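Going left to right, the sequence shown walks through residues 1228 to 1514 as this note's numbering numbers them.
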Amino acid sequence: MRIIIITGISGSGKSIGLNALEDAGYFCVDNLPPKLLRQLVATRIEENAQNLAVAMDARSADSLAGLPEDIQWLKDEGHDVKVLFLTAKTESLIARFSETRRSHPLSHRVRATQLTENQPTLTECILSEREMLSTIEGIGHVIDTSGLSANKLRAWIKELIETERAPLTLLFESFAFKFGVPLDADLVFDVRVLPNPYYDLALRPFNGRDEPVITFLDSQAHVAELLADIRTFVEKWLPAFKNDNRSYLTVAIGCTGGQHRSVYMVEQLAKHFRPTEHVLLRHRELG
């Protein structure tokens, strides 16, 4: 079976992800206690099911410790298992909980004997949840949903589930430093030292995928040098990441606005690695 496990920080978009998987034909279960995962898989196999998606989070925190062992068991049984860990910056999570006026799941774990004024704050709940889930964050592909629209998150998840099974997926992501470094980045490169097309009024309306910007950056010697350096670094260390049994390696390229230089570099890197590696692209700041 193809099995996708969605976990991560409350408020980071797990419900949106689960809905996207349901639309893609997956049988979806929310808030499944991890200790029931093997039983659920066995039941679905008896029913000749092929696609299963399960969401797990802090509501089952007491039994999450055994999840890595369960995932390895499923892989050993021959199942195609993907783990998606959704997260977001604390300020983004606080804004989302404020907008929906929902309480954090961990706020209900306070003992009934405690007084209301002693209950943890939202920030304390988020920080506590991060600590509780830190042991499983590294077993899957991390997606930083800070500032992402629901449509973009759905598109990214759909792209991930459509990828073929590969030893490692090399994911290149452009971003703007003024909006923060992506939490899901494994390697981060800063290309703000390069000439900025933004200051050319004729180029400003375009982005790094458009021919006028490509022509401009292709003509800059420093652009070619930095591109070659990043390409060489990734090529040198990619085998080590593969040997570390990574499923994904996210290489984030940042510039000031995330429109021109970083987009151009990501596109060029993807073009170089695509013939030999399994490559995905993300442009965080593009619509």
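Think of the CB as a built atom: it goes at the ideal place given N, C-alpha and C, for glycine as much as any other residue.
Predicted model, so just to flag it, every value in this text is computed and none were measured.
Task: Proximal residues to residue 1276 (C-beta, below 8 Å), its chain only, five neighbours per side dropped - done: 1228, 1254
TODO: Tell me the start and end of each unbroken beta strand (DSSP E) in the segment 1267–1305 that is at least 3 residues and wholly inside, in chain order.
DONE: 1278–1282
Open item on the list: Quick check on this structure: which residue in 1280, 1380, 1487, 1447 has the alpha carbon closest to the alpha carbon of residue 1429?
Closed with: 1487
- [ ] Put residue 1319 into one of helix, strand or coil per three-state DSSP.
- [x] helix
Open item on the list: Taking the straight line between their C-alpha atoms, what separation do you get for residue 1238 and residue 1320?
Closed with: 6 Å
TODO: Report yes if the C-beta distance between residue 1220 and residue 1419 is below 8 Å; otherwise report no.
DONE: Absent from the model: residue 1220. The displayed extent of the chain is 1228 to 1514, so no value can be given.
TODO: Return the first residue and the last residue of the beta strand (DSSP E) that residue 1480 is part of.
DONE: 1475–1482
Open item on the list: Here's a check: name, in chain order, each residue in its chain whose Cβ is nearer than 6 Å to the Cβ of residue 1244, leaving out the five neighbours to either side.
Closed with: 1233, 1384
- [ ] With distances taken Cα to Cα, identify the nearest neighbour of residue 1402 among 1372, 1377, 1390.
- [x] 1372
TODO: Mind checking which residues open and close the alpha helix (DSSP H) that includes residue 1463?
DONE: 1448–1470
Open item on the list: Helix, strand or coil, according to DSSP, for residue 1231 in the structure here?
Closed with: strand
Open item on the list: Using only CA atoms, which one of 1491, 1307, 1314, 1399 lies nearest to residue 1508?
Closed with: 1399
Open item on the list: Under 8 Å, Cβ to Cβ, is there at least one residue of chain C near residue 1293?
Closed with: Of the protein chains in this structure there is only one, and it is not chain C.
Task: Span of the alpha helix (DSSP H) around residue 1445 - done: 1438–1445
Task: C-alpha distance - residue 1302 paired with residue 1231, whole-angstrom precision - done: 12 Å
Task: Length of the line joining the Cα atoms of residue 1417 and residue 1425 - done: 17 Å
Task: Beta-carbon gap between residue 1240 and residue 1380 smaller than 8 Å - done: yes
TODO: Go through its chain and collect everything with a Cβ distance to residue 1433's Cβ below 7 Å, but skip five positions before and after it.
DONE: 1439, 1440
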